[in-house]
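Peer 1: Protein chains in written order, with this note's numbering: chain A, 1 to 27; chain B, 1 to 279.
Using N, Cα and C, we set each Cβ at its ideal position, and we do this for glycine too.
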Amino acid sequence: KVVEPGIVGGPGPVVRPCPGRIRYFKV
Amino acid sequence: VPVGPALAYNEPNCDDPETERAALAAVDYINSHVFRGYKHILNQIDKVRVWPRRPMGEVFELEIDTLETTCHVLDPTPLVNCTVRPLVEHAVEGDCDFRVLKQDGQFSVLFAKCDSSPDSAEDVHKVCPDCPLLAPLNDTKVVHAVDVALTAFNAQSNGSYFQLVEVSRAQLVPLPPSTYVEFAVAATDCAAQETTDPAKCNLLAEKQYGFCKATLTEKFGGEDVAVTCTVFQPQSLLPQPQPDSPDAAALGPVEDPAMPVPSLADLPAADLGVGPMVV
Numbered sequence: 001k002v003v004e005p006g007i008v009g010g011p012g013p014v015v016r017p018c019p020g021r022i023r024y025f026k027v
Numbered sequence: 001v002p003v004g005p006a007l008a009y010n011e012p013n014c015d016d017p018e019t020e021r022a023a024l025a026a027v028d029y030i031n032s033h034v035f036r037g038y039k040h041i042l043n044q045i046d047k048v049r050v051w052p053r054r055p056m057g058e059v060f061e062l063e064i065d066t067l068e069t070t071c072h073v074l075d076p077t078p079l080v081n082c083t084v085r086p087l088v089e090h091a092v093e094g095d096c097d098f099r100v101l102k103q104d105g106q107f108s109v110l111f112a113k114c115d116s117s118p119d120s121a122e123d124v125h126k127v128c129p130d131c132p133l134l135a136p137l138n139d140t141k142v143v144h145a146v147d148v149a150l151t152a153f154n155a156q157s158n159g160s161y162f163q164l165v166e167v168s169r170a171q172l173v174p175l176p177p178s179t180y181v182e183f184a185v186a187a188t189d190c191a192a193q194e195t196t197d198p199a200k201c202n203l204l205a206e207k208q209y210g211f212c213k214a215t216l217t218e219k220f221g222g223e224d225v226a227v228t229c230t231v232f233q234p235q236s237l238l239p240q241p242q243p244d245s246p247d248a249a250a251l252g253p254v255e256d257p258a259m260p261v262p263s264l265a266d267l268p269a270a271d272l273g274v275g276p277m278v279v
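(1) Below 7 Å between beta carbons is the criterion; list the residues of the segment 43-74 of chain B that meet it against any residue of chain A, in chain order.
(2) For B/Lys141, collect the residues of the same chain with a Cβ closer than 7 Å to its Cβ; drop the 5 residues on either side in sequence, then sort them by chain order.
(3) What's the call for B/Ile41, buried or exposed, on a 16-neighbour Cβ count within 10 Å?
(4) Excluding the 5 residues preceding and the 5 following B/Phe107 in the sequence, name in chain order all residues of the same chain whose CB lies nearer than 6 Å to its CB.
(5) For B/Glu223, collect the residues of the same chain with a Cβ closer than 8 Å to its Cβ; drop the 5 residues on either side in sequence, then sort them by chain order.
(6) Could you give the distance in angstroms between the alpha-carbon of A/Pro17 and the alpha-carbon of B/Asn10?
(7) Flag this pair as yes or no: are the beta carbons of B/Thr70 and B/Leu79 separated by less than 9 Å?
(8) Quick one: complete alpha helix (DSSP H) runs, 4+ long, within the segment 135-215 of chain B?
(9) Helix or strand or just coil, what does DSSP make of B/Ser329?
(10) Classify B/Asn13 as helix, strand or coil using the three-state DSSP reduction.
(11) Whose C-alpha, out of B/Gly37, B/Ile45 and B/Lys39, is nearest the C-alpha of B/Thr19?
(12) For B/Phe183, which residues from the same chain have a beta carbon less than 7 Å from its beta carbon, with the 5 sequence-adjacent residues on both sides left out?
(13) Could you have a look at B/Asp97 and say whether DSSP puts it in helix, strand or coil?
(14) So, does the segment 51-63 of chain B touch the segment 29-38 of chain B, judging by three or more C-beta pairs under 8 Å?
(15) Is B/Val59 helix, strand or coil when you go by DSSP?
(16) For a contact meaning CB atoms closer than 7 Å, what does B/Glu93 contact in chain A?
(17) Under 9 Å, Cβ to Cβ, is there at least one residue of chain A near B/Pro78?
(18) Should B/Asp291 be flagged as near chain A, meaning a C-beta pair shorter than 9 Å?
(19) Return yes when the Cβ of B/Tyr209 is within less than 9 Å of the Cβ of B/Val185, no when it is not.
(20) With which residues is B/Leu42 paired in a DSSP beta bridge?
(21) With a cut-off of 8 Å on the beta carbons, I'd call B/Pro132 and B/Pro174 a contact; round off their distance for me.
(22) Quick one: residues in its chain with C-beta nearer than 8 Å to the C-beta of B/Arg85, no 5 flanking neighbours on either side, listed in chain order?
(23) What is the DSSP secondary structure of B/Thr83, counted as helix, strand or coil?
(24) What residues from chain A crowd round B/Leu87, counting only those whose CB sits closer than 7 Å?
(25) From the DSSP output, which residues share a beta bridge with B/Asp224?
(26) Against chain A, with Cβ distances strictly below 9 Å, would B/Ile30 count as a contact?
(27) Assign B/Asn154 to buried or exposed, taking buried as 16 or more other Cβ atoms, counted over all protein chains shown, within 10 Å of its Cβ.
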């Protein structure tokens, strides 16, 4: 069982790590 | 086996520089192991997990989206110079899963699986109501257009007879009624002007590929064909990744093992392309 590291909710908005930026356009 | 502590993975930002380096290494791998179709370029990193690897290194588990470019996989043009297929030409997207090992600062692909799919007709017509859509490559009009175009190209060639490697793209254009095709060709040991039975021609040991674009226009009582082929420099006899090797990437039907397609990634820049021959 993989222990998913808890993302400690610090103050302020949590930056959503994914999905990343779109480099061209979305099909 | 004693159960060690459960391995926990790390979830970096998808736009983290290291994640992007791993994704770019994965896309380079695909482009040098795909045997037909077009080069793909990184468009978006959807998900990333980084697993520690015993005794050293780490494995990036990636889900990425790619976009088709206008460079055929046999075209030695560096990916950075390839244009992304625009939406109006009916774009094609790739969805890929990778596992990439990072060790000693180097990235190597352990696993790659990609599927490609064209944009929906609705999306294309949203941006361009009259744009033609991709046609099935075995459509009779497509097959006929390629046949006429290749015959026309060989008829004007004073060099080798070129044979068809694959039809890579086709569109049926409503107005004017015409068929647009793109296909890859390879030089044979026959002379174009003397070939009576193409079945007797063999591919050159030093493969020389080309890429053609053609339009067959229907007109009253006949048809017109316009074809442009770019013939690339012969490939030096590089060890070829065999299409059926376990690490061959699945991005479409694997090429015929009898005709391994070179990995162009390691050709010296000086060996790249010759000017287009136009008919």
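Peer 2: Taking the geometry as given:
(1) So the list reads Asn43, Gln44, Ile45, Asp46, Lys47, Val48 and Leu67, given in the order they occur along the chain.
(2) Here B/Lys141 has Leu172 and Thr179 as same chain residues with Cβ atoms under 7 Å from its own Cβ, once five neighbours each way along the sequence are excluded.
(3) It counts as buried.
(4) Around B/Phe107: Ala22, Ala25 and Val100.
(5) Closer than 8 Å at Cβ, skipping near neighbours: Val148, Leu216 and Thr217.
(6) Between the C-alpha atoms of A/Pro17 and B/Asn10 there is a straight-line separation of about 12 Å.
(7) 9 Å or more divides the Cβ of B/Thr70 from the Cβ of B/Leu79.
(8) Scanning the segment 135-215 of chain B from its first residue to its last, the whole alpha helix (DSSP H) runs of 4-plus residues come out as 140-156.
(9) Lying before the first or after the last residue shown, residue 329 of chain B is absent from chain B, which here runs from 1 to 279.
(10) Reduced to three states, the DSSP call for B/Asn13 is coil.
(11) Minimum Cα distance to B/Thr19 is reached at B/Ile45.
(12) Exclusion of the five residues before and after B/Phe183 leaves Val146, Leu164, Glu166, Val167, Ser168 and Cys212 as the residues of its chain whose Cβ lies within less than 7 Å of its Cβ.
(13) It is a strand residue.
(14) The segment 51-63 of chain B is not in contact with the segment 29-38 of chain B.
(15) Here B/Val59 sits in strand by DSSP.
(16) Using a Cβ-Cβ cut-off of 7 Å, B/Glu93 is close to Val27 of chain A, given in chain order.
(17) False, the Cβ-Cβ gap to chain A never drops below 9 Å.
(18) Residue 291 of chain B is absent from the structure shown; chain B starts at 1 and stops at 279.
(19) Yes.
(20) Answer by DSSP bridge pairing, in chain order: B/Thr66.
(21) With 8 Å as the limit, B/Pro132 and B/Pro174 qualify as a contact, their Cβ atoms being about 7 Å apart.
(22) Cβ within range, chain order: Tyr38, Leu67, Glu68, Thr69, Thr70, Ala91 and Val92.
(23) The answer is coil: DSSP assigns B/Thr83 none of H, G, I, E or B.
(24) Those are Phe25, listed as they occur along chain A.
(25) Looking at the DSSP output, B/Asp224 bridges to B/Thr217.
(26) Chain A has no Cβ within less than 9 Å of the Cβ of B/Ile30.
(27) Under this definition B/Asn154 is a buried residue.
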